[in-house]
Every structure is written in structure tokens, then in C-alpha cells.
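Trainee: Those sequence lines, one after another, are chains W and U. With the first letter of the first sequence counted as 1, position 97 gets the number 97 in the numbering used here; the numbers rise by one all the way through. With the first letter of the second sequence counted as 1, position 165 gets the number 1165 in the numbering used here; the numbers rise by one all the way through.
Number of protein chains: 2
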Amino acid sequence: MPEPDAYEPTERTVPTRSRERAVYDHAQVHAILDEAYVCHLGFLRDGAPVVLPTLYARVGSRVYVHGSTGSRPLRTAGEGGGEGDDPGLKVCLTVTHVDGLVLARSAFHHSLNYRSVMIHGTARRVTDPAEKRLSFDALVDAVVPGRARDSRPANDRELAATGVLRLDLAEVSAKIRNGPPNDDPQDAELPYWTGVVPLVSGYGTPIPAPGLAPSVALPDYLAAL
Amino acid sequence: MPEPDAYEPTERTVPTRSRERAVYDHAQVHAILDEAYVCHLGFLRDGAPVVLPTLYARVGSRVYVHGSTGSRPLRTAGEGGGEGDDPGLKVCLTVTHVDGLVLARSAFHHSLNYRSVMIHGTARRVTDPAEKRLSFDALVDAVVPGRARDSRPANDRELAATGVLRLDLAEVSAKIRNGPPNDDPQDAELPYWTGVVPLVSGYGTPIPAPGLAPSVALPDYLAAL
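Spelled out as C-alpha cells, the structure:
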């Protein structure tokens, strides 16, 4: 029986190496997904892999991926027509945070500290108007939480011009490496500095667009970043 | 005739949308590649796409990707045996930096500022011992420049246990979005804040490994980060 709060491992979500780094827990998987802006969406085109960086948003146990209806994955997914007979698009969606540089005494044990999530599945076009609007708001709030209700909503023309793919979180795993280097015991006396250099990220000062009226103040949800 | 300092566009390196964002110039493509730690390597496994985050290094017009010989892409690439009859592994290698959150007045024009590089090609196992050692040093120096000569070099056993894939930079493009939002003119008077929130990244204070002797000072190439 799968754990109720974890994704069930499958043949392709169990890593072939460093299995101790695999994580299936919902909370950790979702936290990694929610912290990033860009995922890397892999799909096939003419028999060859394509990896496209793209904005995405998680809503519960689904992920939405943004794209113009002219973009490659959406054209491919849409060839089946409506949702009922849409064959979908086989994808692998991966999200990665790099947290630190791991400097071992031996070249061999150099590494990175990271957190990544990999989702395997079949993405399908969102065609239901209510779900499409919900996914659109989620994608705007993925840029900055709170932004969807503080901008002009998409009109019908814009919604029609925006393709959205839905991918269910079912075959999912995270992989996490953290902590110090794993040098071999026999290297312990070597005279090289060893440890971790953390990578940090944050927000710079917001840059108003050229035409912004001085009367429009910076909203709280941006000032709080 | 292609520009001598640029990659020649091909059918799959010309984007289907936002073509004005495509860049083929060597200097810009290489700068994007050299700034990142992790690439997202896409390949096929059992007919489905896999997108694997992995450390990589550029050396001239080649990219090397690291992995244990037990890892999936290397096992697949290696099935042909030696280099001569190695059929290689079709891959798409993508590197992305997210530089800013683009907040338009309209939900529709929300975006991200980013720089990405996409490389299409066939990756092959590195089997020549000299090239393998060179690629190994490059991968360590990709973690921190200067580190390869300030750590214990890989011994023969470690080199044998480390698989490296080589991918030539031939079918390559960058895509860059920067600058302010592109709102529609009719939205110019809407009362929403608009502009860009920069994303910044940097290095934290190095954390010595638990067993590090106090006599080993932080090297200059780390203090300079």
C-alpha cells in the first residue's frame, strides 16, 4: 500500500544510483515545485528529445504549463482534437534548485547540493473554460503570489490565444543532496580545503516600467519580497 | 554562408514563436553555458522522454556531461560498445537562467526575463583516456574554477568508474528575454504597478566540512567568490 502522504515509487521513479537521495513525500515534492519559476519540459519531436524551459504552476496535484498555442508541445498535444480524443503528449517535467557547491578533497567526490523533482506522465491540453481560467490565474500567481487579482484579467481573445497543458502529479519523485562532501576516509589528511559553498538567491529592487505613472505605488506583495 | 562567429540556424533551432529572442552568436551562447552549474539533459528511455539535471562543463566547442557509468543515459549511450561503433544517444541539453519577474498590467503579458541555451545532437561516451582526464578536470573546474589543480586528482579506478558523455556544439541556439513588460497600448492607463523584479544570485559563506583541519586556510579562489 502506498503511503497516503507520498507518491508511490515506480520503476522509473526509483533512481538507478544514489537511491538514498530519492524522496516521495508530498510536502517535500510540492515545496520544491512551488519554489521555482521555470521547469524543463521534455517531449519528443520527430523522434528526438526536446527540453524546453517554461513557466509552470502547481495547483493541488496538477501542474499547468504555459505556452502559446503556436508552440511546439501544444501543437503536438493538440493534434488529437478535443479533450476526449486527445492522445496527449508524453512528457518528463523536471524542476531543479542548485543549493551549493560541494568541494571534496578528491576531485572524484566533487558534487552539487541540489533539490530536484521529476514528473513523468502524459500532458493534455486544457479545454474546459473554467479550468483554463483557473490555470491562467495560477500561472500569473506563480510569477508573484497575489498578482492575478492585481492585474487586468485575460479577456476571451487572450484566453483563446493561450495554450495550457495539464500534467497530473502521479509518477513523481524528488531527489535531494545536501550536507558536506563524502570524501573517502583515506583522503582525510590531504591538505585541501573541503566543505560547501552555499548558493543564495533573492530579489533585487523592482524596476518600474518606463510608462508607469508616479502615482502608482509599489504593491505590498512586491515590497515584501 | 554562416557567420564565422555564430552557430548556423537549423529548422529546429529557429523558434516557432518569439523569433526575435533567438541568438546564435558564439560569445553569448558560451557565456550562458559557462555561468550555470546544472544543465537539463533530455533523452529517450523506452520511448518516453527523460529530463535529468546534471553537472556539465564546456570546453571549446564541446560540452561534457558527468555521470556514473551506472546512470541511465550512459548505459544507453554505451550499448554500442567502443567509440567507433557507438551509436550515441540523441539528446537535447538545455541550460536556463531566470533573471527577472516581468509584471505587466495585463495578466496575459506576464513573463520572465531569462537566458537559455538549447543544444541538439548525439552524445557519445568519452573513451580516450587523455580526453577523459581533460573532461574530468573541466567538470571539477565547472564547480569552482581553479579547483581541479587544488584537489586530489582522480586515480585510474575513479576514472574508470566515471562515465562522461561528449556533445559537440553544432546545432545550438540561445533565447534571451530582457527588458520591461510588453503591455498593449490600450492598457497604459490601468492602475496596476508594472515593471521587472530582478532575481539575483550569489555565494554564501563557505561552510568547512566537519573534519577539516583548522590549519587549512580558505583558498583564494573561494575567498574571491
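C-beta: ideal position from N, C-alpha, C; glycine also.
If the cut is a Cβ gap below 7 Å, which residues of chain U does E158 (chain W) touch?
Mentor: Chain U residues near E158 (chain W): F1108.
Trainee: Using a Cβ-Cβ cut-off of less than 9 Å, give me the residues of the stretch 40 to 59 of chain W that come near chain U, in sequence order.
Mentor: Within the stretch 40 to 59 of chain W, the residues whose Cβ lies closer than 9 Å to some Cβ of chain U are H40, L41, G42, F43, L44, R45, D46, G47, A48, P49, V50, V51, L52, P53 and L55, listed in chain order.
Trainee: Got a sec: which bits of the stretch 1161 to 1194 of chain U sit with their beta carbon under 9 Å from any beta carbon on chain W, in order along the chain?
Mentor: Hits within the stretch, in order: A1161, T1162, K1175, P1180, P1181, D1183, D1187, A1188, E1189, L1190, P1191, Y1192, W1193 and T1194.
Trainee: For L1212 (chain U), decide whether its Cβ has a neighbour in chain W, counting only Cβ atoms nearer than 8 Å.
Mentor: Answer yes: the Cβ-Cβ gap between L1212 (chain U) and chain W drops below 8 Å somewhere.
Trainee: Determine the closest residue to V117 (chain W) out of W:L218, W:A170, W:P185 and W:P214, with distance taken between C-alpha atoms.
Mentor: Out of W:L218, W:A170, W:P185 and W:P214, W:A170 has the C-alpha closest to the C-alpha of V117 (chain W).
Trainee: Reducing DSSP to helix, strand and coil, say where E8 (chain W) ends up.
Mentor: Note: E8 (chain W) maps to coil in three-state DSSP.
Trainee: Extract the residue ranges of the alpha helix (DSSP H) inside the stretch 1026 to 1069 of chain U, only unbroken runs of 4 or more that lie entirely within it.
Mentor: Whole alpha helix (DSSP H) segments, 4+ residues: 1026 to 1035.
Trainee: Just reading off the beta strand (DSSP E) that Y1203 (chain U) is part of, what are its end residues?
Mentor: Element bounds for Y1203 (chain U): G1195 to Y1203.
Trainee: Can you tell which of W:H66, W:V143, W:D46 and W:E35 has its C-alpha closest to the C-alpha of R115 (chain W)?
Mentor: Answer by Cα proximity: W:E35.
Trainee: Alpha carbon to alpha carbon, what distance is there between N155 (chain W) and A57 (chain W)?
Mentor: Answer to the nearest angstrom: the Cα atoms are 20 Å apart.
Trainee: Excluding the 5 residues preceding and the 5 following A1138 (chain U) in the sequence, name in chain order all residues of the same chain whose CB lies nearer than 7 Å to its CB.
Mentor: Cβ neighbours of A1138 (chain U) beyond the five flanking positions: A1057, V1059 and Y1064.
Trainee: Considering just the uninterrupted stretch of the alpha helix (DSSP H) at L1222 (chain U), what are its terminal residues?
Mentor: Element bounds for L1222 (chain U): D1220 to A1223.
Trainee: Which one of U:L1089, U:Y1221 and U:V1029 has the shortest CA to CA distance from D1141 (chain U)?
Mentor: It is U:Y1221 whose Cα lies nearest to the Cα of D1141 (chain U).
Trainee: Have a look at U:H1097, U:H1120 and U:L1165 and flag the residue whose alpha-carbon is nearest the alpha-carbon of Y1037 (chain U).
Mentor: Among U:H1097, U:H1120 and U:L1165, the Cα nearest to that of Y1037 (chain U) belongs to U:H1097.
Trainee: Taking the continuous beta strand (DSSP E) assigned at R166 (chain W), which residues delimit it?
Mentor: Its beta strand (DSSP E) spans residues T162 to D168.
Trainee: Output needed for D184 (chain W): all residues of its chain with C-beta closer than 8 Å, excluding positions within five of it in sequence on either side, in chain order.
Mentor: So the list reads S106 and H109, once near-sequence residues are dropped.
Trainee: How should N113 (chain W) be labelled, buried or exposed, when 16 other C-beta atoms within 10 angstroms of its C-beta is the threshold for buried?
Mentor: Answer is buried; the Cβ neighbour count reaches 16.
Trainee: With DSSP as the reference, label E158 (chain W) as helix, strand or coil.
Mentor: Helix, per DSSP.
Trainee: Does D150 (chain W) get closer than 8 Å to chain U when you measure Cβ to Cβ?
Mentor: Yes, D150 (chain W) lies at the interface with chain U (some Cβ there is under 8 Å from its Cβ).
Trainee: Is it a yes or a no for the stretch 141 to 153 of chain W touching the stretch 1177 to 1197 of chain U, going by three-plus beta-carbon pairs under 8 Å?
Mentor: Flag = yes, the stretch 141 to 153 of chain W and the stretch 1177 to 1197 of chain U touch.
Trainee: Suppose you measure from the CA of V50 (chain W) to the CA of D187 (chain W); what does that come to, to the nearest Å?
Mentor: Near 41 Å, if we compare the C-alpha coordinates of D187 (chain W) and V50 (chain W).
Trainee: Is R17 (chain W) buried or exposed, if buried means 16 or more other CB atoms sit within 10 Å of its CB?
Mentor: With fewer than 16 other Cβ atoms within 10 Å, it is exposed.
Trainee: Quick one: what does DSSP say E189 (chain W) is sitting in, helix, strand or coil?
Mentor: Coil.
Trainee: For V63 (chain W) and chain U, any beta-carbon pair shorter than 8 Å?
Mentor: Not closer than 8 Å to any Cβ of chain U, the Cβ of V63 (chain W) fails to qualify, so no.
Trainee: Put S135 (chain W) into one of helix, strand or coil per three-state DSSP.
Mentor: It is helical.
Trainee: In this structure, how does DSSP classify T1013 (chain U) when only helix, strand and coil are distinguished?
Mentor: Helix, per DSSP.
Trainee: Please name the residue, chosen from U:D1168, U:F1136, U:V1144 and U:G1088, that lies closest to I1119 (chain U) on a Cα-to-Cα basis.
Mentor: Looking at the Cα atoms, U:D1168 is the closest of the given residues.
Trainee: Residues of chain W with a CB under 7 Å from the CB of K1090 (chain U): which are they?
Mentor: Those within 7 Å of K1090 (chain U) in chain W are A48 and P49.
Trainee: For the stretch 1119 to 1129 of chain U and the stretch 1194 to 1211 of chain U, state whether three or more C-beta atom pairs, one from each stretch, are separated by less than 8 Å.
Mentor: No, they do not touch.
Trainee: Would you list, in chain order, the members of the stretch 111 to 140 of chain W that have their beta-carbon closer than 9 Å to a beta-carbon of chain U?
Mentor: Correct list: S111, L112, Y114, S116, M118, H120, F136, D137, L139 and V140.
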